[in-house]
Amino acid sequence: MNTSGDTDRNAQESEPHCEAVRRGPGEDERTDVTRLPEQLVREARPVYGDQVRLEQLRLAAEEGLPVEAVKVLQAELKRFGLERASDYVNRIVPRATRMRRRRLKREEGEAVLRIASLMALTVYVWGEERLAARFLTTPHMLLGDRVPLDLALSEVGTRQVEDVLWGLHYGLPT
113 MNTSGDTDRN
123 AQESEPHCEA
133 VRRGPGEDER
143 TDVTRLPEQL
153 VREARPVYGD
163 QVRLEQLRLA
173 AEEGLPVEAV
183 KVLQAELKRF
193 GLERASDYVN
203 RIVPRATRMR
213 RRRLKREEGE
223 AVLRIASLMA
233 LTVYVWGEER
243 LAARFLTTPH
253 MLLGDRVPLD
263 LALSEVGTRQ
273 VEDVLWGLHY
283 GLPT
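For the sequence shown, my numbering begins at 113 and goes up steadily by one.
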C-alpha cells in the first residue's frame with residue numbers, strides 16, 4: 113500500500129516537466145527556465161488551465177529568459193519541420209542581439225513562450241506532432257491563407273490561430 117509520500121515521489125519521477133514548479137524558492141532554476149519552450153512543446157497539452165504553471169511562465173518571462181531559450185525554440189521548430197528555423201527565431205530576437213545579451217527582454221521571452229505554447233496546443237488538438245507540424249507550417253484558408261507560425265509572431269495572430277484550433281478541436285464552425 114502506497115502512502116501519499118510514495119505517490120508524490122512516483123508522480124515526480126514520471127513528470128520531469130514539473131521539476132521547476134516543485135523546487136523551493138531560491139533554488140537554481142536557470143536550466144529549467146532555458147528549457148521551458150521545449151517542455152511546453154513536448155508536454156503536448158495547453159498550459160492555460162494550470163495556475164502554477166502560468167505563474168511560473170509569467171515570472172520567467174518577467175525576469176528575462178536566458179537567450180539560450182531561443183536556441184531551444186529553434187531546435188523544436190526544426191524538429192517540427194520548419195525549414196528555416198533560424199530565420200524564424202531571428203524575427204523574434206536578431207542573432208546579433210542574442211550574442212550581446214544574456215537575457216531576453218520580457219516581450220521577447222513572452223514571444224518565445226507564446227510560440228512554444230501554440231505548438232503544444234496544436235499537438236494537443238491534432239493528436240500527433242506530424243499533423244501538428246503540417247498545420248503550423250502550411251497556409252490555412254481560415255487564417256486568410258497565412259501560415260499559422262507566421263501569425264504567431266504577434267499576440268493577436270496567435271489568438272487567431274488558437275481560435276481556429278479550438279474550433280477544430282470542438283468541431284465548431286469558425
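In this text, a Cβ means the ideal position worked out from N, Cα and C, and glycines have one as well. Predicted model only: the values in this text are computed from it and were never measured.
With a threshold of 8 Å on Cβ separation, who are the neighbours of TYR200 within its own chain once the five nearest residues in sequence on each side are excluded?
Close CB contacts of TYR200 within its chain, under the 8 Å cut and outside five residues either way in sequence, are with GLN186, LEU189, LEU194 and LEU261 (chain order).
What residue range does the alpha helix (DSSP H) around GLY269 cover?
That run of the alpha helix (DSSP H) goes 267-282.
Check each candidate in LYS183, LEU263 and ARG191 and name the one with the smallest Cα separation from VAL205.
The residue with the shortest Cα to Cα distance from VAL205 is LYS183.
Just to confirm the assignment, what range does the alpha helix (DSSP H) spanning GLY221 have?
Per DSSP, GLY221 belongs to the alpha helix (DSSP H) from 218-238.
Between ARG242, LEU166 and ARG212, which has its C-alpha nearest VAL191's C-alpha?
According to the sequence shown, residue 191 is Arg rather than Val. Checked all of ARG242, LEU166 and ARG212; the closest Cα to ARG191 is ARG242.
Neighbour-count burial assignment, GLU174, 16 or more Cβ in a 10 Å radius:
So GLU174 ends up on the exposed side.
Can you tell me whether PRO251 is buried or exposed? The criterion is at least 16 other CB atoms within 10 Å of its CB, across all chains shown.
Exposed, because fewer than 16 other Cβ atoms sit within 10 Å of the Cβ of PRO251.
8 Å Cβ cutoff met for ARG210 and ALA264
Not in contact: ARG210 and ALA264 (Cβ atoms no closer than 8 Å).
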